[in-house]
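One structure is given below, encoded as structure tokens.
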């Protein structure tokens, strides 16, 4: 496989990953807000779920998304031969 094909495959896999992570981000950010009244019927640690998601849940999800993106991109870069050399 030549360099151009590796770069194209890398970009396609990268955009799929970004699309998936953006879909999760959208669900965590906007869908939770949209259904806040219904989600408030569920209680976690004494707090309504919508309140918990607004206070802590979405922040945890955002950190997880950043970590997932970083680790998956490192693996993707290595598999396509586009990783940076170790220092």
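Numbering (the working numbering), first residue to last: 5 to 91.
Note that CB positions come from ideal geometry on N, CA and C, so glycine has one too.
Check: For a test of the three-state rule: what should DSSP assign to residue 48, helix, strand or coil?; Outcome: strand
Check: Would the stretch 80-89 count as touching the stretch 12-25 if we require 3 or more Cβ pairs under 8 Å?; Outcome: yes
Check: In the DSSP assignment, find the alpha helix (DSSP H) that holds residue 7 and state where it starts and stops.; Outcome: 7-30
Check: Are the CB atoms of residue 39 and residue 48 within a distance shorter than 7 Å?; Outcome: no
Check: Buried or exposed, going by whether 16 or more other CB atoms sit within 10 Å of the CB of residue 68?; Outcome: exposed
Check: Measuring alpha carbon to alpha carbon, tell me which of 9, 10 and 54 ends up nearest residue 31.; Outcome: 54
Check: Within its chain, find whatever has a CB closer than 8 Å to the CB of residue 10; leave out the 5 residues flanking it on each side and keep chain order.; Outcome: 84, 85 and 86
Check: State the CB to CB distance for the pair residue 73 and residue 26, rounded to an integer number of angstroms; the pair is presumed to be in contact (CB under 8 Å).; Outcome: So it is not a contact: roughly 10 Å between Cβ atoms.
Check: Taking just the CA atoms, how far does residue 60 sit from residue 66?; Outcome: 10 Å
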